[in-house]
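For reference, the structure is listed below as structure tokens.
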Amino acid sequence: VSGLPGSHLAPVYIKLGLNDLDLPEEARDIAGEVSGGFQSASFGDEDLMQGAVNEVCDWILGKGPTRGPRRSDVGNTWSDQKRLSGGIIDAEVD
């Protein structure tokens, strides 16, 4: 279990610019005027996304998490059961 900063949307980062669109030059000029001069827009946090990407790559390579779970996450659920690699719970059924 990793304690990376951010929420479940941390791996989301989208950046779209007028130059990314396949537009004829005349349409690009019109789009630039209509958009009020904005050349690009983005959604999300690129640094948080890159941290999540690095964490997944390290996990695939067999490395442990860079940070353990946040203190508020420890012991909330299944605290009396053994956790295996990947957050799997070793459930003992009687």
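Note that our numbering gives residue 313 to position 35 of the sequence shown, counting from 1, and the numbers run on in steps of one.
Where a beta carbon is used, it is the ideal one built from N, C-alpha and C, also for glycine.
Shown here, Leu296 sits in a helix according to DSSP, grouped into three states. In the pairwise beta carbon analysis, the region 317 to 332 is classified as not touching the region 300 to 307: fewer than three pairs are separated by under 8 Å. DSSP places Ala330 in the helix class (H, G or I) of the three-state scheme. The region 309 to 324 and the region 281 to 297 touch, with three or more beta-carbon pairs separated by less than 8 Å.
Nearest C-alpha to Pro289 among Glu311, Ile338, Leu301 and Asn332: Asn332.
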